[in-house]
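Student: Each residue of the sequence shown is one higher than the one before, counting from 27 in our numbering.
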Amino acid sequence: MSDNRRGVLRDNPEAARTNAPPSGYLENILNAAAAADKENVPTGTGFSPTDKAAFAPAATPSQPAPNSRKRKAPATPPAPQRLPTSDELEDIVIDAPMRENCDQVRRKINRALDAGIITKTGLAGEIGVSVKSLNGFLREHGAFKGQGYSSYPAAWEYFKKLDAVGYKIPNKTAAAKKQKTDSADGAEADIGKVDVSDIHLEGEETDEVPVYDTCDEIRRKIDAYLRRPGVTQAQFCRDIHAQHQSAKRPANIHTSQLARFRGMKGARAGATSSVFYGAYVFFEKLRIKEKKPMTQHRKDMEEAWPNGFDRTDDGRTRAQDLQIGAYTPNATITAGVVRSETGIAALRTPSPRKLLDIMDNVTPATSSNAVQPIQHYKRTLVGVRKVTAKKKIEDHRTVVTVDNWTVVGLTAHMKRYKVDDLVVYMEIDSFIPKTNRFFELWPRMTDVFDGEQGLRVRSHVVAGTWSQGMIFPLEQFPEITVYYHNRVVKVGQENATTEILKYSFADHLGIKKWEYPTHERPVTGIIGELSALIHKPGNWRIQDIGNVVFNPRTVNTRTYQVTEKLDGVSMHVYKVSNSSKDLLDFFPALRPLPIADKPDGDGIPIPPTMQTERCRVGVCNHSHEFFDDGKNIYWETAKTSGIIDKIHQIPFRNIAIQGELVGSHIQGNTMRYPEGKHEFVVFGIWDIGAKEYLAFKTVELLCKTLGIAHVPVLGYGPVTKYGKNVKELLAYADNLGTGKYGGIKEGLIFRDDTNWNHSFKVISNRWLNMTGK
């Protein structure tokens, strides 16, 4: 009894008796509800004053109800109030901060689904996400697990709008309890209670019934079963507990155990739980009782696990065969399992110990020979970055700046990111494979690369702003967060953050660099990989190292050679002296090239262009060396440009001339070369023995003297000569104009003569937009 009520009893007992609900109160409510139903007047929330008057208790009942302890039959509950649509809620603006965590939002979603007022498909459509995104969010468990799903902010906003219009989600659990309480003579309602005791399964006496379902599949069945009318979690726990019959059966199964199992994620997660076994036996008996056939998934599981699914391994008890971010080769993913040549292996994340072992070995090993291979530049496709800025723009969009890259997304989705947050950033040209990890992106995965379906991350303009790349919450990648937190413990947060910002996680996550189809003609005559002694030139994008380039202490101390960036493919022409035996060991052996239709013949003999009395000559692209078979486009261009003859006139024993192969059949001919015309354009010469580049001026002089094409040089000087910040450099690149054949210029290359590691490129956004690259 409330304090106010006690005050009324103490100060004015007569008033308390007058204001007490009369015995005819329930009859008046039922009569009013019936009258309202006849007139189609809603009896839910939002009554008119007339409706409220109709529900008011009578002041003086004509006849008091007989005093009886017998419970009355429960009244038919009113139909649930119609759920407003997203169109009806469109004009409602929610400015409140996002305080509910993931678990709280999940409870609201499950409550709506359990009440039957909406389906998953319907809810996904209302909040503007895919069903896969919604399912993925619901499978998570934890206050902060699931923040990476777009369903989280979208559902939060949707339920806030429902609250704003006064809509209350029916509480199915409370209604079920009330129905049970109001049942006649206190008899327990048997709605939802299923008797499967007449069904017998082999091995159930010893709790050894073979299981032919994964944990995720059982969770799906539990969710569907609990949505049946009248089914409660408590009754379901009693039903699955009854399936345990051995001497080691659990004393009972609580709803907390059920909730814990439902909150797990993974084909094996929860395999050792008594809920898993009991639920499987219950659903198998229910299937037999309802005379339903076995599903294809069940048949596949029975074929893959003849003795039943392993219930002793929940994904944490032994080492896992699958590695980080990679699935079994030639595997097909179906319903949470991987079918491969070795059978079906459940998916799960490797243990923290294995994660640390993998991450602690990121530095490639070097050869013990006297001549050490060069450690090549490798682009960081996927890495941990820091959010540096955030800004709202039009069309309900928000721009998040990561280093100097801008990523545009819906404001509801970008709310989760804050300045100084660490995020996982995927650069443009990242190819994201179609795997379970990235199932939210499946509707957009229409690209094909290396025979695999996935998504290529592109540059595009959104609401007048460039969006370049994709960002994800760090917590969405346990293999990264586990390593990071362990490093924080060992070396402190500042040092751990500095370390993790340097790593590339592309290989661990299965992300590849998308390569534009570079050749219209097939490349023939591959004889081996590019020698490890030839440096692979690579340049950072200005957005990646803008803060370093414009460091106030060094910005005016470095002199760059600024050249036009050509839209071609890397090409190397090298010569190595026959006397340099220690170097020749690092190049593919020369032997006659086999002919496909004459496997037993002598093949194509080694041509004189590849081997002279003094040296070995080779032609390569960025990854392979080629045989001069008369059809290879690299060799063809090298010979027509005269570089094969001119390389012998350069007074260095072991060198590699590096440049770009450009022309009508390269990179879609964005430079608009005449049909059939190709060029080898030089930008540097690598001294193989000294392991360094020749000076820029030396290379320019050699090319001019020998008549070798050199990339157009725009000038020399500090970077501030072309722009005072990243934005100005990009604007400069956008205004370069057209090349000699009319194509828009791609951008600029800034090379530091003293250290090529300081070199970078500035790609024109205008060029990206016009070429679609």
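For every residue, glycine included, the Cβ atom is placed at its ideal position computed from N, Cα and C.
Counting only runs of 3+ residues fully inside the stretch 642–725, write out the beta strand (DSSP E) ranges in chain order.
Tutor: The DSSP assignment places 650–652, 681–689 and 704–713 as complete runs of the beta strand (DSSP E) inside the stretch 642–725, in order along the chain (cut-off: 3 residues).
Student: Report yes or no: do the stretch 721–732 and the stretch 785–795 share at least 3 C-beta pairs separated by less than 8 Å?
Tutor: no
Student: Can you say whether glutamate 772 is buried or exposed, counting buried as having 16 or more other CB atoms within 10 angstroms of its CB?
Tutor: buried
Student: Is it the case that the Cβ atoms of valine 474 and tyrosine 451 are separated by a distance below 7 Å?
Tutor: no
Student: Mind checking valine 645: buried by the 16 CB within 10 Å criterion, or exposed?
Tutor: Flag for valine 645 reads buried.
Student: Work out the CA separation of histidine 648 and aspartate 476 for me, nearest whole Å.
Tutor: 17 Å
Student: How big is the Cα-Cα spacing for methionine 796 and threonine 696?
Tutor: Cα to Cα, methionine 796 sits roughly 10 Å from threonine 696.
Student: Name the one or two DSSP bridge partners that phenylalanine 287 has.
Tutor: BP columns for phenylalanine 287 are empty, so no partner.
Student: Could you have a look at lysine 332 and say whether DSSP puts it in helix, strand or coil?
Tutor: Sequence check: residue 332 is proline here, not lysine. It is coil, neither helix nor strand.
Student: Per the DSSP calculation, serine 456 is bridged to which residue(s)?
Tutor: Lys539
Student: So, with DSSP's three-state summary, where would you put methionine 440?
Tutor: helix
Student: Evaluate contact between the stretch 238–256 and the stretch 115–133, counting only Cβ atoms and requiring at least three cross-stretch pairs below 8 Å.
Tutor: Touching, no, given that fewer than three Cβ pairs across the two stretches are closer than 8 Å.
Student: Quick check on phenylalanine 498: does DSSP put it in helix, strand or coil?
Tutor: In the structure shown, phenylalanine 498 sits in a strand (DSSP, three-state: E or B).
Student: Would you check if the stretch 413–426 and the stretch 748–764 touch, i.e. whether three or more CB-CB distances between them fall below 8 Å?
Tutor: no
Student: Assuming contact is defined by CB atoms lying nearer than 7 Å, are leucine 448 and leucine 500 in contact in what I supplied?
Tutor: yes
Student: Can you tell me which of the three DSSP states serine 159 falls into?
Tutor: helix
Student: Provide the residue span of the alpha helix (DSSP H) that contains phenylalanine 309, from first to last.
Tutor: 300–315
Student: Between the Cα of histidine 486 and those of Val688, Glu453, Trp182 and Cys263, spot the shortest distance and give me the residue it belongs to.
Tutor: Glu453
Student: So which of Ala330, Ile144, Gly409 and Gly715 has the shortest CA-CA distance to aspartate 11?
Tutor: In the structure displayed, the chain extends from 27 to 799; residue 11 sits before or after that span and is not available.
Student: Ends of the alpha helix (DSSP H) at methionine 796?
Tutor: 791–797
Student: DSSP puts glutamine 271 in a beta bridge; with which residues?
Tutor: Answer by DSSP bridge pairing: none, since glutamine 271 is not bridged.
Student: Using the Cβ count rule (16 or more neighbours within 10 Å means buried), how would you classify isoleucine 621?
Tutor: exposed
Student: Where does proline 100 fall in DSSP's three states?
Tutor: Here the model assigns proline 100 a pLDDT of 48, short of 50, so the residue's position is not dependable, and the following value carries that caveat. If DSSP states are grouped into helix, strand and coil, proline 100 belongs with coil.
Student: Nearest-angstrom Cα distance between proline 196 and valine 515?
Tutor: 47 Å
Student: Could you pull the start and end residues of the alpha helix (DSSP H) that threonine 427 belongs to?
Tutor: Note, threonine 427: premise wrong, no alpha helix (DSSP H); beta strand (DSSP E) at 423–428.
Student: Taking the C-alpha atoms as reference points, what is the distance between lysine 186 and arginine 470?
Tutor: 29 Å
Student: Using a Cβ-Cβ cutoff of less than 6 Å, which residues in the same chain neighbour serine 456 once the five nearest sequence positions on both sides are dropped?
Tutor: The beta carbon of serine 456 is closer than 6 Å to those of Leu407, Val483 and Ile537 in its chain, skipping five residues each way along the sequence.
Student: So, helix, strand or coil for phenylalanine 786, using DSSP?
Tutor: strand
Student: What's the call for glutamine 269, buried or exposed, on a 16-neighbour Cβ count within 10 Å?
Tutor: buried
Student: If you drop the 5 nearest sequence neighbours on each side, which residues of the same chain put their C-beta closer than 6 Å to that of arginine 642?
Tutor: Here arginine 642 has Val602 as same chain residues with Cβ atoms under 6 Å from its own Cβ, once five neighbours each way along the sequence are excluded.
Student: Is threonine 589 buried or exposed, if buried means 16 or more other CB atoms sit within 10 Å of its CB?
Tutor: buried
Student: Is asparagine 781 buried or exposed, if buried means 16 or more other CB atoms sit within 10 Å of its CB?
Tutor: exposed
Student: Closer than 7 Å by C-beta to tryptophan 492: which residues in its own chain qualify, once you throw out the five before and the five after it? Chain order, please.
Tutor: Thr432, Ser485 and Asn791
Student: Taking 7 Å as the cut-off, decide whether the C-beta atoms of isoleucine 553 and phenylalanine 653 are in contact.
Tutor: yes
Student: Alpha carbon to alpha carbon, how far is isoleucine 775 from valine 581? Give it in angstroms, no decimals.
Tutor: Taking the CA atoms as reference points, valine 581 sits about 16 Å from isoleucine 775.
Student: Just to confirm, is the Cβ distance from glutamate 183 to isoleucine 143 under 7 Å?
Tutor: no
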